[in-house]
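In what follows, a single structure is set out as structure tokens and then discussed.
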Ligand code: EPZ
């Protein structure tokens with residue numbers, strides 16, 4: 203059951219859940235947030251119209267859309283297809299008010315450099331899961347012959363040459379890899395990127411760019427090679443299914459011991475997660491392009507799980523998995539290697555009756571089959587989604603404050619879960635009845 207209740211005037215927006223029901227049914231997964239955002243940035247590289255088909259209507263996409271419009275782009279939606287006309291998108295400055303609302307804004311610098319040879323961006327924002335510096339972005343651009351000044355309120359860059367170059371990343375970074383690709387596809391030389399991040403979102407960005415006429419090989423491996431070209435045509439690609447949303451819904455089935463079918467699973471992008479799913483007792487099978495997952499036998503704690511760069515276990519599913527482990531009696535151990543502050547969920551799970559102990563990179567979770575619903579607060583995207591999962595498993599009612607964090611990345615989490623049998627109410631108190 204899904205009720206969207208609007209009431210009163212209040213700055214809070216909430217989700218209310220009555221837990222204790224095993225989820226059953228099938229669900230279609232939205233387009234990938236982390237694939238759509240760099241594809242939107244890449245659209246700047248063509249002085250004309252590009253389209254992202256099946257683009258998720260989420261806060262971060264709307265934020266990126268607004269920034270592109272401030273640069274001079276014209277956008278329009280046709281259902282779920284986002285058309286970006288970048289004919290006149292010649293702006294080269296993005297203020298901190300805009301960039302501070304999301305992490306991805308920083309890669310617009312690479313796109314502006316590719317288009318106009320210069321750009322200024324305010325420092326990016328994003329979820330409070332760690333310091334999230336941009337030093338590797340700056341390092342990569344300097345290796346590519348870009349003059350970069352870091353100032354108090356942002357970064358100013360100017361391309362000194364357009365002959366490409368070589369970058370050996372000191373550490374794998376999804377955003378910095380995307381940054382280097384975006385700033386190199388329009389040039390008159392070869393660019394070699396080594397020790398690249400291998401996330402699927404980088405593969406999808408390169409597919410989108412190749413469809414525009416870019417010459418890129420090696421994406422998905424640690425070495426990407428780019429032969430610069432003079433111009434690019436309009437992009438036109440369907441945004442892939444969101445692997446993190448798919449994993450979140452599989453966690454919902456595990457937490458409630460239910461059985462769900464994902465109609466459009468992201469092929470080959472969830473292997474590390476599915477290994478974990480089996481370890482806790484979950485079962486799954488691929489059938490005619492769908493993924494059938496059975497969480498009825500989920501009961502085994504995890505001796506040790508650590509997050510790693512792709513194809514290792516994804517940091518973005520660490521919080522949803524912690525919520526599942528909070529429903530499993532026994533002690534599980536998680537190590538978060540990617541971000542320094544991604545255990546904020548622990549305190550909220552403890553309010554519901556779990557016993558999560560955090561020390562540095564490590565968290566030990568003593569789960570219970572009798573989590574109790576209560577008021578909890580989300581403070582970032584994936585931790586907020588994890589609270590939804592815990593609430594679905596808990597007895598009684600849970601109110602989750604901070605729904606706006608969850609809406610940054612989940613397009614229809616309430617209606618999707620309601621379609622699987624969850625009793626969930628979206629309380630958006632920003633409107634009058
Ligand atoms: C992307 O963030 C994703 N965001 C994140 O998803 C994801 O968790 C992350 O990649 C890792 O997979 C988007 O794609 C919009 P990184 P990004 O650069 O690019 C450090 C979500 O929930 N680092 O790969 O910012 C950094 O602090 C979000 O959807 C530097 O030290 O991640 C982190 O410890 C959360 N200097 C590590 O590298 C830099 O210049 C990996 O970060 C850049 C990063």
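Residue numbers (this note's numbering): 203 to 635.
For glycine and all other residues, C-beta sits at the position ideal for the given N, C-alpha and C.
Distance, residue j Cα to residue i Cα
{"i": "residue 292", "j": "residue 307", "result": "16 Å"}
{"i": "residue 634", "j": "residue 221", "result": "With a pLDDT of only 45 at residue 634, under 50, the local geometry of the prediction cannot be trusted, and no value is derived from it."}
{"i": "residue 597", "j": "residue 535", "result": "24 Å"}
{"i": "residue 401", "j": "residue 511", "result": "8 Å"}
{"i": "residue 422", "j": "residue 525", "result": "30 Å"}
{"i": "residue 277", "j": "residue 286", "result": "5 Å"}
{"i": "residue 447", "j": "residue 622", "result": "15 Å"}
{"i": "residue 261", "j": "residue 216", "result": "16 Å"}
{"i": "residue 571", "j": "residue 375", "result": "38 Å"}
{"i": "residue 224", "j": "residue 450", "result": "15 Å"}
{"i": "residue 532", "j": "residue 558", "result": "11 Å"}
{"i": "residue 326", "j": "residue 470", "result": "31 Å"}
{"i": "residue 616", "j": "residue 439", "result": "27 Å"}
{"i": "residue 321", "j": "residue 468", "result": "34 Å"}
{"i": "residue 409", "j": "residue 288", "result": "19 Å"}
{"i": "residue 318", "j": "residue 620", "result": "47 Å"}
{"i": "residue 365", "j": "residue 518", "result": "36 Å"}
{"i": "residue 330", "j": "residue 431", "result": "38 Å"}
{"i": "residue 387", "j": "residue 618", "result": "38 Å"}
{"i": "residue 627", "j": "residue 425", "result": "46 Å"}
{"i": "residue 554", "j": "residue 245", "result": "45 Å"}
{"i": "residue 360", "j": "residue 352", "result": "12 Å"}
{"i": "residue 389", "j": "residue 249", "result": "16 Å"}
Distance cut-off 7 Å: residue i Cβ against heavy atoms of the ligand NAD
{"i": "residue 517", "result": "Here the bound small molecules are the ligand EPZ; the ligand NAD is not part of this structure."}
Spatially closest choice to residue i from the options, by CA coordinates
{"i": "residue 356", "options": "364, 372, 339", "result": "339"}
{"i": "residue 297", "options": "455, 225, 269", "result": "269"}
{"i": "residue 530", "options": "353, 551, 545", "result": "551"}
{"i": "residue 255", "options": "368, 311, 289, 443", "result": "443"}
{"i": "residue 638", "options": "275, 324, 288", "result": "Nothing about residue 638 can be reported from this structure: the residues present for the chain run from 203 to 635 only."}
{"i": "residue 556", "options": "569, 426, 509", "result": "569"}
{"i": "residue 310", "options": "330, 336, 331", "result": "336"}
{"i": "residue 636", "options": "393, 271, 304, 252", "result": "With the chain represented from 203 up to 635, any question about residue 636 goes unanswered, as that position is not in the structure."}
{"i": "residue 602", "options": "580, 420, 445", "result": "580"}
{"i": "residue 549", "options": "594, 352, 578", "result": "578"}
{"i": "residue 304", "options": "614, 628, 609, 627", "result": "609"}
{"i": "residue 460", "options": "591, 562, 414, 626", "result": "591"}
Own chain residues within Cβ distance below 8 Å of residue i, not counting five before or after
{"i": "residue 263", "result": "235, 238, 239, 242, 257, 284"}
{"i": "residue 521", "result": "544, 547, 584, 585, 587, 588"}
{"i": "residue 606", "result": "215, 261"}
{"i": "residue 427", "result": "392, 393, 394, 395, 418, 419, 420"}
Residue i, buried or exposed, once every other Cβ within 10 Å from all chains shown has been counted against 16
{"i": "residue 370", "result": "exposed"}
{"i": "residue 218", "result": "buried"}
{"i": "residue 208", "result": "Confidence is the limiting factor: at residue 208 the pLDDT is only 48, short of 50, which leaves the residue's position unreliable, though a coordinate-based value still follows. Answer is exposed; the Cβ neighbour count stays below 16."}
{"i": "residue 349", "result": "exposed"}
{"i": "residue 362", "result": "exposed"}
{"i": "residue 453", "result": "buried"}
{"i": "residue 506", "result": "exposed"}
{"i": "residue 417", "result": "exposed"}
{"i": "residue 437", "result": "buried"}
{"i": "residue 301", "result": "buried"}
{"i": "residue 433", "result": "exposed"}
{"i": "residue 516", "result": "buried"}
{"i": "residue 613", "result": "buried"}
Contact test: residue i Cβ vs the ligand EPZ heavy atom, cutoff 7 Å
{"i": "residue 400", "result": "no"}
{"i": "residue 305", "result": "yes"}
{"i": "residue 615", "result": "no"}
{"i": "residue 583", "result": "yes"}
{"i": "residue 339", "result": "yes"}
{"i": "residue 546", "result": "no"}
{"i": "residue 403", "result": "yes"}
{"i": "residue 231", "result": "no"}
{"i": "residue 298", "result": "no"}
{"i": "residue 426", "result": "no"}
{"i": "residue 541", "result": "yes"}
{"i": "residue 236", "result": "yes"}
{"i": "residue 334", "result": "yes"}
{"i": "residue 357", "result": "no"}
Beta-carbon contacts of residue i that lie in its chain and below 6 Å, excluding the five residues immediately before and after
{"i": "residue 463", "result": "228, 492, 494"}
{"i": "residue 379", "result": "398, 399, 404"}
{"i": "residue 273", "result": "291, 293"}
{"i": "residue 483", "result": "499, 500, 501, 502"}
{"i": "residue 312", "result": "381, 384, 385"}
{"i": "residue 314", "result": "294, 321"}
{"i": "residue 368", "result": "394"}
{"i": "residue 537", "result": "508, 563, 564"}
Residues of its chain near residue i, where Cβ-Cβ distance is below 7 Å and the 5 sequence neighbours each way are ignored
{"i": "residue 466", "result": "230, 231, 443"}
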